[in-house]
Amino acid sequence: MVDLTSVLTYAADGVYALAIILFIVALHRMSNPATARSGILWAGAGMLVAIIVTGFNPDVLANGSALGTDLLLMLAALAIGGAIAYYAAIKVQMTAMPQMVAVYNGMGGGAAAAIAAVTMISGTSGQAYEALAITGGLIGAVSFAGSIIAFAKLQELINSKAVTFPAQNAVNMLVLAGAVVSGALALADPGVFAHVAGLSVIGPLGLFFILGLAFGFMMAIPIGGADMPVVISLFNAFTGMAVGLDGFATSNYAMIVAGVLVGAAGSILTLLMAKAMNRSISNVLFSAFGAKEETGTQVKGSLKPIEAADVAVMLAYASKVVVAPGYGMAVAQAQQKVKEMMDVLEQKGVQVKFAIHPVAGRMPGHMNVLLAEAGVPYDHLYDLEDINSEFETTDVAMVIGANDTVNPAAHRQGSPLFGMPILEVERAKNVIVLKRGQGKGFAGVENDLFFRDNTRMFYGDAADSISKLVQELKKL
Amino acid sequence: MTTPIDPVSAILITILAAFTGYEVISRIPSLLHTPLMSGSNFIHGVVLVGAMVILGTAKTPAEQVIGFIAVVLGAANVTGGYAVTERILQMFDRAKKAEQGKPKGGK
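Here is the structure:
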């Protein structure tokens, strides 16, 4: 007769293998637009079976029956974490999705760091496994602190601009080195600080986690808001690696494979996203984008407001109109009105195209999704490379709530935006900018496009402005 | 206690998993970057199973407290990650329907 413990152990490994297969299928489906929607269901199924079988882990069962309260504690923890996160995720605005990804990624990193901490404290795993655990702990702690900062910045709880100070990179490296050294000490001799005042309580392990969290914090603080999606993706890969390392330390196959899988996939994704912005990862991380406020540059010209009726005339008699949407369109939920305007203009024989910047809306693909949702056909949407050559022959370029992605400062050496590819709307014969007020873009850089001779400012909420515009167009 | 993993299998598993991750993700349209980021964020939520084992096998109150925190965080990663991915992908669904609903050739 086989004993129950070994049956459960084999069952757990078998189910973990199943979960891994489901995760791989899920990622594969999510990499194709046609099947993306069902991908998450596969991943969800994998997660569910993995969680259930872990509840029947023989070690957990044995310890639980010994202490009596453990099962209750487990269910309480699952309910608290799960319910709050689920509620927040379904309540939040669609425009806030990038920061929600950041915050849940941070939670995963924190969990990985906590697992590493317990592995170190219990000290039953042997030094090689502890070394893996502590590496995972460092990466997890960095991901946790960094993701929380990314969340706070995008949610505008803290100043979303880059925060810099002299010798920043050197200080950061020092903090990282300190974390690595205290980690090594914790591994070699946990009692090393026993006679050091102030450090004896927390020990090298405590110092290690404090420094690790500090490094994550300092890594994210110099990143400007516009670069955040890339950095969130990087922290996502970090959490994956941390989970994988913890998996080795605790001999958990589901964590190993899923963690390494996400670590690899997340790293590639980070590179692809950086490439879409034509920037390197080191440029994103260390150049403190948006930090240097340009105070010396004179902006020539003035802001010239325009009314709906005049915009309507300009559009109706154009032969080609290119619309460049941004975050402002998403916030105002103006995509339906934009579609209406497109229909009216097309009836009048005006050619309408949409110029989609890869990071418009702070989330790659955001504009495509919103416009497609409103019924704008895919063949009207053009990528940066395809549309930029067309502005020369465009009568009216219409910027709807975009700012940094059309800022000609990106061509100017020394500007914080320098090097970022932009939609070159300034080359169109006329530029209409729909904007709520006179504020700056997310990167905090003045936009001299607004002051050009061929630019007119059409102030107001994008949805209101465009519905007024559509009325005026119908009168013509 | 589960038998510790041996180094050779560890390296093999790492290589295969990393290669799989690379193969699955490379060459995707930028439109899918956000859902994929969110989806992989959900998948590393499997850290929850490790957290559950840590909490379940805790021997001291300190381990129990840290394990409890780990499970709360892991559970948040799982449910939040799922809900966010689901909502992002829903936009694609509506997008596709709008596309199909549009009569071909215009009116």
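From first to last, the protein sequence lines are chains E and S. Position 154 of the first sequence, counting from 1, maps to 154 under the working numbering, and the rest follow consecutively. Each number in the working numbering comes from the position in the second sequence (counting from 1) with 1000 added on. Where is the CB? At the ideal position from N, CA and C, for every residue including glycine. Remember, predicted model here, so these are calculated numbers, not experimental data.
Whole-Å CB distance - residue i paired with residue j, under 8 Å assumed
i: residue 423 (chain E); j: residue 388 (chain E); result: 7 Å
i: residue 476 (chain E); j: residue 308 (chain E); result: Contact flag wrong, Cβ pair sits at about 12 Å.
i: residue 432 (chain E); j: residue 256 (chain E); result: 55 Å between Cβ atoms; not a contact.
i: residue 368 (chain E); j: residue 381 (chain E); result: 6 Å
i: residue 312 (chain E); j: residue 473 (chain E); result: 5 Å
i: residue 77 (chain E); j: residue 1049 (chain S); result: Not quite, the Cβ-Cβ distance comes to about 13 Å (not below 8 Å), so this is no contact.
i: residue 481 (chain E); j: residue 44 (chain E); result: Residue numbering for chain E in the displayed model covers 1 to 476; residue 481 (chain E) lies beyond these limits and cannot be assessed.
i: residue 324 (chain E); j: residue 398 (chain E); result: 7 Å
i: residue 55 (chain E); j: residue 22 (chain E); result: Not confirmed; about 18 Å, so no contact.
i: residue 144 (chain E); j: residue 109 (chain E); result: 4 Å
i: residue 1018 (chain S); j: residue 264 (chain E); result: 4 Å
i: residue 209 (chain E); j: residue 113 (chain E); result: 7 Å
Neighbourhood of residue i by C-beta, 6 Å cutoff - its chain only, sequence neighbours within 5 removed
i: residue 245 (chain E); result: 132, 135, 136
i: residue 295 (chain E); result: Below a pLDDT of 50, predicted positions are generally treated as unreliable, and residue 295 (chain E), at 45, falls in that range; the measurement from the model is reported next regardless. Contacts found: none.
i: residue 336 (chain E); result: 374
i: residue 1009 (chain S); result: none
i: residue 293 (chain E); result: Bear in mind that the predicted position of residue 293 (chain E) carries a pLDDT of just 45, short of 50, making it unreliable; the figure below should be weighed with that in mind. Closer than 6 Å at Cβ, skipping near neighbours: no residue.
i: residue 1069 (chain S); result: none
i: residue 348 (chain E); result: 316
i: residue 260 (chain E); result: 244
Simplified DSSP state of residue i, which is helix, strand or coil
i: residue 105 (chain E); result: helix
i: residue 351 (chain E); result: strand
i: residue 329 (chain E); result: helix
i: residue 305 (chain E); result: strand
i: residue 476 (chain E); result: coil
i: residue 243 (chain E); result: helix
i: residue 470 (chain E); result: helix
i: residue 172 (chain E); result: helix
i: residue 294 (chain E); result: No answer about residue 294 (chain E) holds up, because its pLDDT of 45 lies below 50 and its placement is not dependable.
i: residue 382 (chain E); result: strand
i: residue 400 (chain E); result: strand
i: residue 344 (chain E); result: helix
i: residue 488 (chain E); result: No information on residue 488 (chain E) is available, as it lies outside the stretch 1 to 476 that chain E covers here.
i: residue 158 (chain E); result: coil
i: residue 139 (chain E); result: helix
i: residue 1087 (chain S); result: helix
i: residue 289 (chain E); result: Model confidence at residue 289 (chain E) stands at a pLDDT of 47, short of 50, so the residue's coordinates are unreliable; what they give is reported in the following sentence. Three-state result, residue 289 (chain E): coil.
i: residue 356 (chain E); result: strand
i: residue 73 (chain E); result: helix
i: residue 253 (chain E); result: helix
i: residue 424 (chain E); result: coil
i: residue 391 (chain E); result: helix
i: residue 189 (chain E); result: coil
i: residue 120 (chain E); result: helix
i: residue 1063 (chain S); result: helix
i: residue 411 (chain E); result: helix
i: residue 61 (chain E); result: helix
i: residue 125 (chain E); result: coil
i: residue 130 (chain E); result: helix
i: residue 317 (chain E); result: coil
Own chain partners of residue i with C-beta closer than 7 Å, once the 5 adjacent residues on each side are dropped
i: residue 120 (chain E); result: 130, 133, 134, 186, 205
i: residue 1045 (chain S); result: 1074, 1077, 1078, 1081
i: residue 450 (chain E); result: 303, 433, 457
i: residue 461 (chain E); result: 332, 436
i: residue 270 (chain E); result: 230, 233, 234, 237, 281
i: residue 268 (chain E); result: none
i: residue 412 (chain E); result: 418
Start and end residues, alpha helix (DSSP H) containing residue i
i: residue 37 (chain E); result: 36 to 55
i: residue 283 (chain E); result: 281 to 286
i: residue 20 (chain E); result: 4 to 30
i: residue 1008 (chain S); result: 1007 to 1025
i: residue 212 (chain E); result: 203 to 220
i: residue 373 (chain E); result: 366 to 374
i: residue 1035 (chain S); result: 1033 to 1043
i: residue 1052 (chain S); result: 1047 to 1056
Span of the beta strand (DSSP E) around residue i
i: residue 503 (chain E); result: The structure shown does not extend to residue 503 (chain E), since chain E spans only 1 to 476, so no value can be given for it.
i: residue 435 (chain E); result: 430 to 435
Contact set for residue i: own chain, Cβ-Cβ below 8 Å, skip 5 residues either direction
i: residue 1063 (chain S); result: 1054
i: residue 180 (chain E); result: 138
i: residue 419 (chain E); result: 278, 279, 283, 410
Check your understanding: Looking at chain E, which residues of the segment 1033 to 1056 of chain S have a Cβ within less than 9 Å of any of its Cβ atoms?
Key -> Residues passing the 9 Å Cβ filter: 1033, 1034, 1035, 1036, 1037, 1038, 1039, 1040, 1041, 1042, 1043, 1044, 1045, 1046, 1047, 1048, 1049, 1050, 1051, 1052, 1053, 1054, 1055, 1056.
Review point. Which residues, in chain order, does the segment 115 to 129 of chain E contribute to contact with chain S at a C-beta distance below 9 Å?
Key: Cβ contacts with chain S: 115, 117, 118, 119, 121, 122, 124, 125, 126, 128, 129.
Check your understanding: Going along the segment 345 to 379 of chain E in order, which residues come within less than 8 Å of chain S, judged by CB to CB distance?
Key -> Taking 8 Å as the upper bound on Cβ-Cβ separation, chain S lies near residues 346, 358, 363, 364, 365, 366, 368, 369, 370, 372, 373, 374, 375, 377, 378 of the segment 345 to 379 of chain E.
Point to revise | Where the segment 27 to 38 of chain E meets chain S: residues whose CB sits under 7 Å from a CB there | key: Answer set for the segment 27 to 38 of chain E: 27, 28, 30, 31, 33, 36, 37.
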